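Colleague: Below is one structure. I have some questions about it.
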Amino acid sequence: MSIFTSRFILKTDPYSKHFVFNLPKTWETRPHEYEWAKNFAETEDIVLDAACGLSHPLKFYLAGKCKEVYACDIDARILSKSSILKDIRDTYGTVIENSFFNHYFHHIRFCQSSLSKLPYQNKSFDKIFCISVLEHLSKVDIEQTFKEFRRTLKDEGLLIVTFDYPTINLEALKILLDKVKFKFYGDYSFDKPDNLLVSTIWGELNCFRAVLIKN
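Numbering (the numbering used here), first residue to last: 12 to 226.
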């Protein structure tokens, strides 16, 4: 099945327990999410990791792959190198050497920002990545976030998202996407196979992946 198909993530989908760092065992779905999302990073891309978190590794992977990498988070500590280092150490038990920052950190343009009011110019990005974020936002903020993604995404750009179900209602999301002028890129399915990947940290949740494009 194509990586462009928007659908639930399955237990049998590719995953990696090492993604820049050795991922914590409690991150039940992230090994699958990152392994899928990385397929969309290309060398000439200008990309945004939206709500990137401090220690979360996607931005660092992108920095080693893409032409220009931007990363934003609402947490003010995202602007502090020492805070990011501490969070990496606390999350992975890993002490980072200066060579890590020479290779990754200094290639990322960090910004403190809400997703509902991004500080970037119109049509800035070839790809926007938003991994396991939408379920933490209010309905109002989700709508405004999509509007900001649409504004800052290039006309043929891709929005790569994952989120928890049923926290995010898929039918309601589809209605919202129509409203904010996004659509699924390629095929999509809301079917729930027997071998769904399940997260149990916050109750029984499934992870949905989606590739979106401007409508």
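For each residue, glycine too, the CB sits at the ideal point set by N, CA and C. Values in this document were obtained by computation on a predicted structure and should not be read as measured data.
Could you tell me if SER66 is buried or exposed, where buried requires 16 or more neighbouring beta carbons within 10 angstroms of its beta carbon?
Modeller: buried
Colleague: With a floor of 4 residues, list each alpha helix (DSSP H) that falls wholly inside the segment 44–80, ordered by position along the chain.
Modeller: 69–74
Colleague: Would you check if there are 3 or more beta carbon pairs closer than 8 Å linking the segment 128–146 to the segment 169–185?
Modeller: yes
Colleague: Are the beta-carbon atoms of ILE99 and ILE89 separated by less than 8 Å?
Modeller: no
Colleague: Thinking C-alpha only, which one of ARG18, GLU79 and GLU39 is nearest TRP213?
Modeller: Closest by alpha carbon: GLU39.
Colleague: Compare the beta carbon distance of THR23 and TYR199 with 8 Å and say whether it is the shorter of the two.
Modeller: no
Colleague: Use the C-beta contact count for ARG18: other C-beta atoms within 10 angstroms, 16 or more gives buried, fewer gives exposed.
Modeller: buried
Colleague: In or out: ILE153 buried (at least 16 other Cβ within 10 Å) or exposed?
Modeller: buried
Colleague: Just the C-alpha distance for ILE14 and PHE195, rounded to the nearest angstrom, thanks.
Modeller: 13 Å
Colleague: To which residues does DSSP link GLY214 through a beta bridge?
Modeller: ILE212
Colleague: Since LEU126 and THR163 are thought to touch, with beta carbons under 8 Å apart, how far apart are those beta carbons, to the nearest angstrom?
Modeller: No, LEU126 and THR163 are not in contact; Cβ-Cβ is about 10 Å, not under 8 Å.
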